[in-house]
Amino acid sequence: MKFACGLYTGRMQLTVKRFEELSAAELYEIYRVRVAVFVVEQHCAYQEVDEADRHCWHVFLHDENGIAAYCRVIDPGITFPEASIGRVLATHRWQGLGTRIVREGLKVAQERMHADTVHIEAQTYARKLYENLGFTQVSDEFLEDGIPHIGMIWRAQ
């Protein structure tokens with residue numbers, strides 16, 4: 001499955017909810033788009049739905065066509081000692097949606113978790129996107145489910 005790369009002009013609505021606040025339809029759409037990207041498109045068989053989903057803010061941009069960008073902001077102490085952002089995706093590539101959703105995730109971490117440090121494990125190819133948002137690399141490259149990743153940290157200024 002490949003997602004659109006053309007100009008995206010739809011109006012986006014931002015939704016930020018804890019797991020228990022999500023409707024069944026929202027949860028289905030989140031899992032549908034995450035599996036489409038991280039399992040099907042990236043040819044990566046792994047347990048995409050995990051226990052961390054219950055311990056985070058789900059942040060997504062959507063319109064009448066569904067989710068256009070998504071990330072989850074995970075509570076400190078669940079995957080890392082710090083708050084963390086994961087499962088970052090944009091269904092319309094090269095439109096700034098990835099940058100926008102990470103910015104929204106950082107805002108959630110700061111405002112709702114009072115985090116001044118955020119940890120991510122970024123796919124290596126996306127390093128520049130995260131560096132442009134103030135993240136710095138803190139690990140050597142490693143394979144996560146067969147895909148090159150790097151650990152990165154963001155610190156509030």
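Here the sequence shown is numbered in UniProt numbering, starting from 1 and rising by one per residue.
Note that CB positions come from ideal geometry on N, CA and C, so glycine has one too.
What does the alpha-carbon distance come out to for the pair residue i and residue j?
{"i": "proline 81", "j": "serine 139", "result": "16 Å"}
{"i": "phenylalanine 19", "j": "glutamate 141", "result": "31 Å"}
{"i": "leucine 133", "j": "valine 33", "result": "24 Å"}
{"i": "proline 148", "j": "isoleucine 85", "result": "17 Å"}
{"i": "serine 23", "j": "glutamate 29", "result": "10 Å"}
{"i": "methionine 1", "j": "threonine 91", "result": "Note that methionine 1 scores a pLDDT of 36, beneath 50, so its modelled location is shaky; the value from the coordinates is reported in the next line. Distance between the alpha carbons of methionine 1 and threonine 91 is about 11 Å."}
{"i": "phenylalanine 3", "j": "asparagine 65", "result": "Legend: pLDDT at phenylalanine 3 = 40, less than 50; position of this residue unreliable, value from coordinates given subsequently. Their backbone Cα atoms lie some 13 Å apart in a straight line."}
{"i": "aspartate 145", "j": "valine 16", "result": "28 Å"}
{"i": "arginine 54", "j": "alanine 156", "result": "25 Å"}
{"i": "valine 35", "j": "valine 49", "result": "8 Å"}
{"i": "phenylalanine 38", "j": "alanine 52", "result": "16 Å"}
{"i": "cysteine 5", "j": "isoleucine 74", "result": "Low confidence applies here, because cysteine 5 scores a pLDDT of 37, under 50, leaving its location unreliable; read the following figure in that light. If I take the Cα positions, the gap works out to 28 Å."}
{"i": "arginine 103", "j": "glutamine 137", "result": "18 Å"}
{"i": "tryptophan 154", "j": "alanine 25", "result": "32 Å"}
{"i": "phenylalanine 135", "j": "arginine 100", "result": "15 Å"}
Hey, could you find the ends of the beta strand (DSSP E) residue i is sitting in?
{"i": "residue 213", "result": "Because the chain spans 1 through 157 in this model, residue 213 falls outside it and cannot be assessed."}
{"i": "methionine 152", "result": "147–155"}
{"i": "glutamate 144", "result": "142–144"}
{"i": "valine 73", "result": "66–74"}
{"i": "arginine 87", "result": "83–90"}
{"i": "aspartate 63", "result": "56–63"}
{"i": "threonine 15", "result": "13–18"}
Look up residue i in the DSSP assignment and give the residues it is bridged to.
{"i": "valine 40", "result": "Partner(s): none; valine 40 has no beta bridge."}
Are residue i and residue j touching if we call contact CB-CB under 7 Å?
{"i": "valine 59", "j": "glycine 105", "result": "yes"}
{"i": "arginine 72", "j": "arginine 93", "result": "no"}
{"i": "valine 118", "j": "alanine 126", "result": "no"}
{"i": "glutamate 131", "j": "glycine 151", "result": "no"}
Which residues mark the beginning and the end of the alpha helix (DSSP H) in which residue i is found?
{"i": "threonine 99", "result": "97–113"}
{"i": "arginine 32", "result": "24–34"}
{"i": "residue 158", "result": "The requested residue 158 does not occur in the structure, where the chain is confined to residues 1 to 157."}
For my contact list, residue i and residue j are in at a C-beta cut-off of 8 Å; report their separation, rounded to the angstrom.
{"i": "leucine 61", "j": "leucine 129", "result": "With 8 Å as the limit, leucine 61 and leucine 129 do not qualify as a contact, their Cβ atoms being about 16 Å apart."}
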